[in-house]
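Report on one structure; see the data block that follows.
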Amino acid sequence: MENRRDVYAVRPSSQPVEQGREQARRIHHIKLRVMNPGAIAAFYRDVFDLQEEEKALEDPNFYLTDGKVTLIIAPWKMSDFEGAGIDRPGLEHVGFRVESVEAVKRELIALRESDPAMRERIVSEPQEGERRLALIASCRHGKHQFSDPDGVFIDIGER
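Numbering-wise (our numbering), the sequence shown opens with residue 563 and increments by one.
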C-alpha cells in the first residue's frame, strides 16, 4: 500500500458496505447502442433472465433489469452522429447513482487538478464533443455527463 496514492489508495470512505445497506455511489445503468435493438434485448432478457421495465410507447429503447442495474438497449442510427465522428455500435455510457451530483463535480475538479492523468479525454472537435454529450444527455436517468481518462462516457444522477 505504500506505493499507492490518489484514487488507488484505500480511503476511510471506501469501507465495505454493510449487508442490506445501499452504497452511496453505485452503477445504475449501462447503455448499449445496437443495430437490431429488439433482437438484442430479447437475447439479454432470455439468456440472463432480465425483466423488462416499463417505458413510454414512443421510446425506442429497451430497459432490462436484474433489480439493481438497468441495461438500456438503444437503436444505433448513423443520423445520431451528424456533425461528429461516427461511433460503431456498442457501449455508449455507464450510468451511476450518487448521493450528490454537485459533490461528484467538486471531487472531479480536485482529482483532475491534482493528477493530470485523471483528466477526461477531450474530443478534439468541439462540435463532435457537444454532439456526443447531447446523445448521452438524452438518457432519462442522468443529470451530468463527462468521460473518464480513457474516453468512456459516464452519466450521473442522484438517488
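Cβ atoms here follow ideal geometry from the backbone N, Cα and C, with glycine treated the same way.
All figures in this text were calculated on a predicted structure; none of them were measured in a lab.
What is the rounded straight-line gap between the Cα of residue i and the Cα of residue j?
i	j	result
Q707	R650	20 Å
Q613	K630	11 Å
A665	E675	16 Å
K617	E584	25 Å
R693	A699	10 Å
E682	E620	33 Å
Can you name, in chain order, every residue of its own chain whose Cβ lies under 8 Å from the Cβ of residue i, other than the five neighbours on each side?
i	result
E720	R659, V660, E661, S662, V663, K705
Y606	L612, L626, L633, I635
With a threshold of 8 Å, establish whether the CB of residue i neighbours any heavy atom of the ligand FAD.
i	result
E615	With respect to small molecules bound, the structure shown includes none, and the ligand FAD cannot be examined in it.
Sorted by chain position, which residues of the same chain lie with C-beta nearer than 6 Å to residue i's C-beta, five sequence neighbours on each side aside?
i	result
E654	K593, R595
A586	E661
W638	R595, V596, M597, P651
V572	Note on V572: pLDDT 48, under 50, position unreliable in the model; the coordinate value appears next. Here the set comprises nothing.
F715	H655, I698, S709
H591	T632, I634, G657, H703
Tell me whether residue i is buried or exposed, calling it buried when 16 or more other Cβ atoms sit within 10 Å of its Cβ.
i	result
P574	With a pLDDT of 46 at P574, under the threshold of 50, the modelled position of this residue cannot be trusted; read the value that follows with caution. Classification for P574: exposed.
L673	exposed
I671	exposed
I722	No information on residue 722 is available, as it lies outside the stretch 563 to 721 that the chain covers here.
A601	exposed
Out of the options, state which residue places its alpha-carbon closest to the alpha-carbon of residue i.
i	options	result
I718	S676, V656, R694	V656
D710	K667, P637, M597	K667
I741	F605, M640, Y625	The structure shown does not extend to residue 741, since the chain is modelled only from 563 to 721, so the question has no answer here.
D712	R702, A679, I671, E644	A679
D642	R702, V714, L695	L695
M640	A618, E616, E692, L697	L697
If I follow the unbroken alpha helix (DSSP H) through residue i, where does it start and stop?
i	result
S709	Per DSSP, S709 belongs to no alpha helix (DSSP H); it is in the beta strand (DSSP E), 706 to 709.
A672	663 to 676
In the DSSP assignment, find the unbroken beta strand (DSSP E) run with residue i in it and report its ends.
i	result
R659	652 to 660
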